[in-house]
Each structure stands twice: as C-alpha cells, then as structure tokens.
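For the sequence shown, the numbering used here assigns the number 37 to the initial residue and increments by one for each residue that follows.
The C-beta atom is built at its ideal place from N, Cα and C for all residues, glycine as well.
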Amino acid sequence: MSKSNTPSSTIKIPRDKPRVFIAEGETEIKLLSSLYEGKTRKINLWNQKILKFLANMKGSILIIVYDTDQIGNINRFKENLNFLDKNHIPYYLLQQTLNFEDEILRGTNCRSVDVFFNTNSQDEFKTKFNNCSNPLEVLSKKQINYYKLWQGEHLADLIPWKSKRINHAHLEHLMKRS
C-alpha cells in the first residue's frame, strides 16, 4: 500500500473510554467481539440513520466498520458521518475492501473462504463462522495477519473522512487477552 493510503499513525484510540464497534454484518460483529475489547452493534449505516442508535452509545468512541462492495446509498452514509462530525461524537473508520470475506482472504493469503470450514459458498462460510465458538483459532490455523486487514484503497467518495481511517495497528492495544 502506498504511503498516501496509510491511515495516520498518530491516531491512538484511548483505552480508558468505552468503545462501540458498529458493523453491518454478523460476521464482522463475531470477529470484532472476539478480537477487541468493547461493545458491538449491528447497524447498517448505508441504510439507517445513526441518530436513533446514539442514546445507548453516549460517551463512547465509535469504530465504524463498513463494506465497499455495495455503496448504493452513499449519501446516507455521508449524512451519518456529517452528523457525527457536527455533534462532535468521536469516531473512526475501518474500511473493508470489498467485504468481510475479502478482508479475511487478504489477511490469510487464502484463495477462498471455503477452506476455513470446508464450505461450498460464502453464505455457508458466514453461517459456520458465526456459529464457531472460537473464530480466532480458526483464523490462526490459516496464519492470519491482522495487520493486513483494513488496508485497501480509501473509497474516493469518502476522502473528506480519510483522517478518520484506522486499521488493526491502531486497535492492537485494545485486543482481548487470553
């Protein structure tokens, strides 16, 4: 990745403030809740207004995980980010390229997610991943490198929020300890 795509190395997510990871899918929630300390919420910010969810997240730092494979309602997503900015609500962005499955493939250098559970489709993979009692163990068997996740080219439509972009290196200190 070129230096211009690298998220700011000066970003440090405070450990002493509550964090809420917001993601649109169950597989992302499963990974995030297994990997990092903090609450998780399943919210699709491409389709839903964030305002109706904020009451339960007061005082938290929001970490928004979003896919880039289907960006049909980009204006709603931008409205949500503008709302957070206008109201001085702290947040950061984890951009998936293109989606969860592609990020997992990037992190493991595997060619297909089917190798994780001997599945035949992405839907079957998602079901087995979500039902797995220890997803980190499954990923570690394929030698996942978490530093390769969330490193893709920044979505051009979201350039105004590029400074909010983070990756695993910014969250490493928030990892759960076994």
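From the DSSP output, read off the bridge partner residues of K66.
None, per the DSSP bridge assignment.
Taking the beta carbon of E252 as the centre, do at least 16 other beta carbons fall within 10 Å, making it buried, or is it exposed?
Residue 252 is absent from the structure shown; the chain starts at 37 and stops at 214.
Do you know how far the Cα of D105 is from the Cα of C168?
25 Å
Locate the beta strand (DSSP E) running through T76, then write down its first and last residues.
75-78
Are the region 93-107 and the region 142-154 in contact at 8 Å, needing three or more beta carbon pairs?
no
A192 - partner residues in DSSP beta bridges:
According to DSSP, which records beta bridges pairwise, A192 is partnered with nothing at all.
Which residues does DSSP list as the beta-bridge partners of A59?
According to the DSSP secondary-structure assignment, A59 is paired through a beta bridge with K78.
Where R201 sits in the DSSP three-state scheme
strand
What's the gap between the Cα of E208 and the Cα of S157?
Each residue's alpha carbon lies about 31 Å from the other.
Whose C-alpha, out of I86, K66, T46, is nearest the C-alpha of K162?
K66
Quick check on D106: does DSSP put it in helix, strand or coil?
For clarity, residue 106 is Gln in the given sequence; the question names Asp instead. Reduced to three states, the DSSP call for Q106 is coil.
Could I get the ranges of all uninterrupted beta strand (DSSP E) runs contained in the region 90-142, with 3 residues as the minimum, in chain order?
Whole beta strand (DSSP E) segments, 3+ residues: 97-102, 127-131.
Residue range of the alpha helix (DSSP H) that includes K162:
Here the alpha helix (DSSP H) through K162 covers 158-167.
Taking Cβ to Cβ, would you say Q132 is nearer than 8 Å to L191?
No.
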